[in-house]
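In what follows, a structure is listed as structure tokens, so that the remarks can point back to it.
In the numbering used here, the protein residues as written are 15 to 1138.
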């Protein structure tokens, strides 16, 4: 009988099923054989995290407290798992601190998300970025204090990454050319605000970057052209290349981004015009920000095609031509129109009224002409800011502005407006700032403005306004700044000003006000702390009145009224201020300006009070002395009488006080000695009497500021004479007139003894006199050497007794017994042959001591004879500063009105001598490239030490090649640090320009603010670097014409001729085939250009400069440098 055919098949099926069951059982047992709970793989991941935890030094929030192996790692804080494996690690905003590496995380092969945002990890990107798990898709290491380079293989190694954020760190070096070479999945790349350098124009971007939507390289130091190949990333929605050094035209290929929504290329050096393709191709644009560049030409009409546009920011360029009206007509979503500081002409677009969502319109500093459209506002408009200062607008202010019910700021300053201020503006309940200074507005100040309860700034100076100050104005209790100077206002100063608790600046000068100064002004307890500048000759205003940009223009001449003026100039070119006719005719030699932020604090009062040039009479209220934060007080040219209140001694922050041309009587209060910040006082043309207080600042001020006060005396005026007759005690006549004869013998004995003693005394005095005469002759002979024909300097030591015996206060053991007489001998009477240099702070002599050693003696420029205590305190501070790249102060002394500083002598003189001066011409000595690098690194370290290691930090203020000295090992030593601060401490009236640096080294912002900063030192250091690289002086008309070294180098680099600026001596000595050395010089040039950036915020600090220079060292030399 045959077997059924299906039996073999059935057997095969059964065997197959049994095998599958057996295999599954084995697999199950193998998985759970070690750990029945099934946690072996997650526990292994946990062990890796424990290794990472051990590197954390601080965990202030206890985020890692749950990280214990006896807990399931999937339950730990910041950990997420899937199928028993750790897939996400999120420790963002944990404030962890430690020196970490990512090596322990490499074993987490299932990790796809790593977020360590906002922690303080001292991690080196060069190595750690290659220790991450290969499966990562999301990487966020922003704000972690990461430093180092981005490895060349990083982007190709982690090709699965979708999100990369390394922003706000200290990553240096160049961007790898393969940044987007294998970016098949990459959607977000954010490398913003690091210290990346070099050009990215050569980056090769292929079709694989089509997934990229967000690209941010802002806040770095990239140079050259924009990468045209970026247009291959066709799905980009956000591009941010702002705050870099790009210096070419905007590529027309950028018009192919059909999905682009935000494009920001502001704060670069872009040139050319705005390509029309941006408008026609990028019709999805929401934000277009191209401000702070060198873009020229007209605004392309094609931008009207971008119907979704909300922000158009083209401020601070050279754009010209009229503004296309169609751009506004076709943009119903437009929110901000920012066009300030250009050369845009034509009239104000009437279509503004049709833009219902428009909030900000800024046409500041252009050439807009015509009238303000009467219907500029329509019902329902959302306009909040209307800024049109510094234009050519004429006509009247239209009452229709009141239709913009949301208006907060109206600025129409420096135009040609006339007519009255519309009373309808009182309907603007949200109005905070009304600024229309320097126009021809007339009529009274509308009392309806009192309905603007939120009003903070009312700035209407330099107009033709008339009438009284309306009382209803004081219902605006938020007023901070009221300026009505130079109008035709009459009446008395309302005491209601005391009802304004926030009032910080009150300017009523040059009107026809009468009556007395109301004592109620002392009630203005403002809450605005930052100072207008403790010494108005050295600092800018950094914090009065939130949201304002201020300029204090100080009048130091006699051609204009008052001490100067505090101006609001937001949106106005600084140079335009000095073109205003009323300012142009004045000797305004100093201008301080800057944007301000308010930091609220208590115990503050009115800071700026100007009531000069009125008809005020009566006494100055004692209560003015209670305005403790007052910094500028101008009461000049009134009819004030009585005495200066002694309470003024409480005005510890007062910097400028002018009460000239009044009828003040009495003495200058002794309490004025407490006013240590006073830099300008004028009490001339009064009837003051008595001595000028000798303590404090008053005796250091010019005599002209006390002139025409017949009863005043004392320094700086002639000395006070003592008219009180000297009396002698009367001789008593009495009973002792006739002495008894018995006492005559005693008188004879006493007389004999007295004669003997007198004879001995005479002999002693004669001996002492002879000895003194010989010593005097010796001193006279030595001192005569100081005034001899061959002496190199003049001396003022006549009032000093025994000057030769004065000791030199020293900080070095070998100079402990040094005296002034030895300095005279060591310099041969400070002869011309010993003079080795001179500068803004004094003359330098070489002194050869008896033991053969040499020191350098700096004789400071003559200063006021006051300030000995400040001088010695400053010297003691400077003497403690020691660093191998600083010239140490070895000692100091004061003789009469002269001050001498003793320094270590530097054998090779200054860098200036080596590059341009006597060392180069006399010895034919040319610095090699290795020597120049060494000098650059040394000078950088010295300046870095002053900025970051000294307490308090020291700003050099005059960094230049002549202040970089070279010792016997050609090591750079920075000199003259602290000199500017010393000079300003001793003579507060020295011109600020002498403290702000040397021409060619001065950063551009100093010409605007005269505020010395560490970033200003960085700029000056960059100029020194340029000298090393080019071999040229900072200023030379033959080489640079009307520009300077910095401008010439930047121009050559923009033209692609950077190699032409390199010192030929370097190129001739180097092997043309030595590509590495040429590349190294180029890298030094890139760092230098960062230092001389026009914008201080984009310059590196000296710590970063030192780090960048260290990164350029060869590997074998790095350790040596670090030890140094």
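Cβ coordinates follow ideal geometry from the N, Cα and C atoms, glycine included. Keep in mind it's a predicted model, so treat the numbers as computed, not measured.
| Query | Result |
| --- | --- |
| Check for me: the beta strand (DSSP E) holding residue 1038 runs from which residue to which? | No beta strand (DSSP E) holds residue 1038; the alpha helix (DSSP H) holding it covers 1028-1044. |
| Could you check which residue in 731, 1094 and 533 has the C-alpha nearest to that of residue 636? | 533 |
| Can you tell which of 237, 152, 419 and 248 has its C-alpha closest to the C-alpha of residue 204? | 152 |
| Applying the 10 Å Cβ sphere with the 16-neighbour rule, what's the burial state of residue 904? | buried |
| Could you give the first and the last residue of the continuous beta strand (DSSP E) run that contains residue 102? | 99-104 |
| Assign residue 307 to one of three DSSP states: helix, strand, or coil. | coil |
| Going by C-alpha distance, which of 915, 273 and 908 is nearest residue 869? | 915 |
| Nearest-angstrom Cα distance between residue 402 and residue 411? | 12 Å |
| If you pair each beta-carbon of the region 1114-1124 with each one of the region 944-958, do three or more pairs fall below 8 Å? | yes |
| For residue 502, list the residues DSSP reports as bridge partners. | 480 |
| I need the straight-line Cα distance from residue 296 to residue 276, nearest angstrom please. | 10 Å |
| Any beta carbon from chain C within less than 8 Å of residue 769's own beta carbon? | Of the protein chains in this structure there is only one, and it is not chain C. |
| Tell me whether residue 82 is buried or exposed, calling it buried when 16 or more other Cβ atoms sit within 10 Å of its Cβ. | exposed |
| Here's the rule I'm using: 16 or more other beta-carbon atoms within 10 Å means buried, otherwise exposed. How should residue 942 be labelled? | exposed |
| When we look at the beta-carbon of residue 65 and count the other beta-carbons within 10 Å, is it buried (16 or more) or exposed? | exposed |
| Return helix, strand or coil for residue 1065, following the three-state DSSP convention. | helix |
| If you check the beta carbons only, do residue 181 and residue 159 fall under 8 Å apart? | no |
| What three-state label does DSSP hand residue 935 in the structure shown? | In this predicted model, residue 935 has a pLDDT of only 48, less than 50, meaning its place in the structure is not dependable; the value taken from the coordinates is given anyway. Residue 935 falls in the helix class under three-state DSSP. |
| In whole angstroms, what separates the C-alpha of residue 679 from that of residue 657? | 5 Å |
| Would you please state the rounded distance, in angstroms, between the beta carbons of residue 685 and residue 662? I believe it to be under 8 Å. | 7 Å |
| Can at least three beta-carbon pairs, one atom from the region 459-474 and one from the region 490-500, be found at a separation below 8 Å? | yes |
| Using DSSP with H/G/I as helix, E/B as strand and the rest coil, what is residue 188? | strand |
| Would you give the residue range spanned by the alpha helix (DSSP H) that residue 837 belongs to? | 834-840 |
| I believe residue 481 touches residue 507 by the beta-carbon criterion, under 8 Å. Please report the beta-carbon distance rounded to the nearest angstrom. | Contact flag wrong, Cβ pair sits at about 14 Å. |
| Kindly indicate the opening and closing residues of the alpha helix (DSSP H) around residue 73. | Premise fails: residue 73 is in no alpha helix (DSSP H) and is neither H nor E. |
| Can you name the residues that DSSP bridges to residue 229? | 203 and 253 |
| When you compare each of 354, 386, 367 and 340 to residue 361 by their alpha carbons, which one comes out closest? | 386 |
| Suppose the cutoff is 7 Å on Cβ atoms and the five residues either side in sequence are ignored; what does the same chain contact list for residue 117 look like? | 145 |
| Is it buried or exposed, residue 447, if we count other Cβ atoms within 10 angstroms and call 16 or more buried? | buried |
| Should residue 520 and residue 620 be called a contact, given that it needs their Cβ atoms to be closer than 8 Å? | yes |
| Could you please give the first and the last residue of the uninterrupted alpha helix (DSSP H) stretch that includes residue 949? | 943-962 |
| Which residues bound the beta strand (DSSP E) around residue 433? | 430-433 |
| Tell me whether residue 491 is buried or exposed, calling it buried when 16 or more other Cβ atoms sit within 10 Å of its Cβ. | exposed |
| Name the DSSP bridge partner or partners of residue 147? | Bridge partners of residue 147: none, in fact. |
| Considering only DSSP beta bridges, list what residue 908 is partnered with. | 913 |
| Alpha carbon to alpha carbon, how far is residue 156 from residue 467? Give it in angstroms, no decimals. | 44 Å |
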